[in-house]
Every structure is written in structure tokens, then in C-alpha cells.
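Scroll down for the structure; my scribbles are underneath it.
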Amino acid sequence: MKKIFNLVLSLCLALVLTILGSCEQNEEPDPILDNAIVSEDYVEGIYVIGYSEKEYPIHIETTNPAVFSAHPSRKTFEINPTGQGNYKLPEGAYWVQYHFEDEPSNVHTLPVLITKNKPYAREAIAAVKKMKDDPAGYSLILRHGDSDIGTDKVGSSPEWFKSCDSKIARQMSQKGIDDSKKIGASLKALNIPVAATTASQYCRAIKTVQYMDFGLPVIEDARLNHENSNSKDPMFDDVEAIIKNTPTPNGIHIIVGHYNMCHETVFRDHIMPLKMGDGWIMKTGSNGQISFVGAVPLFYWDILVQK
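Residue numbering for the sequence shown follows the working numbering, starting at 1 and increasing by one per position.
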């Protein structure tokens, strides 16, 4: 009996080893992954970092080992070669370089956006990229370009604010002109169609649109006027009303006004400080509801076109 038991046991062990060996032979090797950045914060070719007054982490994940370095000619920072580390940098657009270890001669440029309200920034970036093929319902609301030439002579004449004379009303500086041209050029470079433009009655707001050079008539709307010529002080509901009254199924609607456009809105903290040239995006849905997408500070445009 003992011999029979040992024989059966040996046969069972042999069978198990045969099965295990067969399984090992049939196991497929790990697939070779294409070289790519796969971080959750990598949105439409841009790595987005949430700004903090304290140090914040940068953790760029890749499918295969990569080496990171500062960009030789663009605004940059000294990044750890691993693409990981803790940093304390001001808000803004930066660029770094990287290459994968198996392709050392194939050097890539990575735009890095450091910004407040990272979730809304991600949404804004994605929306801008979508506008090329599906612009319907999008509105880009902007504060006029930099205007530090002259002062507003409030009440000097009934419609003093329409004047393009710096002795009567503040006018655009060369920086404001250049920034407006940059926004217009960026939208064109991104192939985003513009269907309508609306501005306050102030010369500086109208000029902001004109320097964008879309070749469209500028609709002047007193509801967008600065509070020093508008007793109501234009509130956010005025902006929404303008959007609703100007449907643009074939392109985006650009609206240019003043810093008080974002008064009385729950999204104010996500939009402010709304410096001259800054803006935000709204989206009108198929049900007519208007939703806030995200802020678009002026410095975003450099990185959105990824030149």
C-alpha cells in the first residue's frame, strides 16, 4: 500500500509541475509602452500645477524613464532630472525640456502652467482646445487691455467716456495694444472662429477688440460700461443677458468690458484679480443654461498656443 501511495503521489506532483511549466511558457511578456507623459495633470499637452504660497509638488509621470531639464531659451526653472520634487514658483507660464532615456536625441518641450484654481484651469484649457471644432455657445469675456495713458475726467462732457483723447479718458498703452494683438493672434493660431464682438462704450474697450483684428463690427453696449459712467454698476447678470441675446452657433462671442463685470457672481474669487487683459470663459448649453468654465489670465495665451 505504501508503494502504491508513493507512486500516486509522484504522479500527482509530476502532473502539477507539468501544468505549472505550461502556464509559465504561455505567460506573455509585459507589453512595451510608447513613450508618453501620463500624469493626470497633463492636459492637452500642458502640465498644470496648482499654485500655493507654500511649496507644492511636481510629479511628472511617464510610461518609460525620462530625463527633465530647464529650457535653454524660454522662461523656465531648474527642474529635477526625474521630473519630481517640491517647488515654490510664482504663477505663470514656464517651459522645460525632456527626453526619454531610450531616445536621448529626441528632445521635447513641455509647457508648464502654474496657476490658482487648478480644476477650473484644466477645464478652461480643454475648452479652448475644443473651440476649434465646436465653438457654439462659448463666450470669452475680457477686461480691456492695459490702459494707463491719461485719466478719466468723469463728467467732463455727457459722453466723455467715448473719447479717445487721453486728456479726457484713459487710453490704451503700447502694452495694451500688444496684448490685444497677442490675444487675437492666439485665437487665430488656434483656429478658433469668432462670430461676434461686443464691448463697452469706452474707447479703450472698443480699441481692445479692434486690435484683435477679427474684421467684425463691434457692438457697443452701455451695460458693460465702467461704474464711473453707469449708475447701476454692471453686474454679472448683465453679462449673462448679453450672452443670451447674442447666440453664436458658428463661433465664439468675445465680450470686452471692465473689472466690475464679475461683480455679484459666485465665481468672482475664481476670476479675480481680473487684471487688464485677463478674462474668463462661459458656456451656453443646449438647454440655454450658462455655466462658468474657467478663468483665462493674460499669461495663459503664451502657453495655449505652445509656441
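C-beta: ideal position from N, C-alpha, C; glycine also.
- Message: Quick check on M276: does DSSP put it in helix, strand or coil?
- Response: In the sequence shown, counting from the first residue as 1, residue 276 sits at position 276. The answer is coil: DSSP assigns M276 none of H, G, I, E or B.
- Can you find a heavy atom of the ligand GTP that lies under 7 angstroms from the Cβ of F214? Although the ligand GTP was asked about, the structure shown includes no ligands whatsoever.
- Query: Measuring CA to CA, which of H253, N35, D134 and D221 is closest to E103?
  - Reply: Counted from its first residue, the sequence shown places residue 103 at position 103. Of the candidates H253, N35, D134 and D221, the one whose C-alpha sits nearest the C-alpha of E103 is N35.
- Task: Could you tell me whether the region 154-163 touches the region 271-284, using the rule of 3 or more Cβ pairs below 8 angstroms?
- Result: no
- Task: Please list the segments of the beta strand (DSSP E) lying wholly inside the region 71-126, counting only runs of 3 or more residues, in order along the chain.
- Result: 84-87, 92-100 and 108-115
- Distance between C203 and H71 (C-alpha atoms, nearest Å): Counted from its first residue, the sequence shown places residue 71 at position 71. Counted from its first residue, the sequence shown places residue 203 at position 203. Answer to the nearest angstrom: the Cα atoms are 40 angstroms apart.
- Query: Straight-line CA distance for D278 to H258?
  - Reply: The residue given as residue 278 occupies position 278 in the sequence shown. The residue given as residue 258 occupies position 258 in the sequence shown. Roughly 10 angstroms separates the two Cα atoms.
- Can you check DSSP and say which residues form a bridge with E220? Residue mapping note: residue 220 aligns to position 220 of the sequence shown, counting from 1. DSSP, once it has assigned bridges, lists A199 as partnering E220.
- Item | Sequence-distant residues of the same chain with beta carbon closer than 6 angstroms to T115, five excluded per side | In the sequence shown, counting from the first residue as 1, residue 115 sits at position 115. Hits under 6 angstroms: Y51, E91 and A121.
- Message: Counting beta carbon pairs with one atom in the region 163-177 and one in the region 283-296, are three or more of them shorter than 8 angstroms?
- Response: no
- Rounded C-alpha distance that separates N191 from K129: For the purposes of this step, residue 191 is taken as the residue at position 191 of the sequence shown. For the purposes of this step, residue 129 is taken as the residue at position 129 of the sequence shown. C-alpha separation (whole angstroms): 9 angstroms.
- Item | Nearest neighbour of F68, chosen from E101, L187 and K54 [CA to CA] | Taking the sequence shown and counting its residues from 1, one reaches residue 68 at position 68. When only C-alpha atoms are compared, the closest one is E101.
- Task: Quick one: residues in its chain with C-beta nearer than 7 angstroms to the C-beta of V8, no 5 flanking neighbours on either side, listed in chain order?
- Result: By one-based count along the sequence shown, residue 8 stands at place 8. Confidence at V8 is low in this model, with a pLDDT of 46, below 50, so its placement is unreliable and the value that follows should be read with caution. Excluding residues within five positions, none has a Cβ falling inside 7 angstroms.
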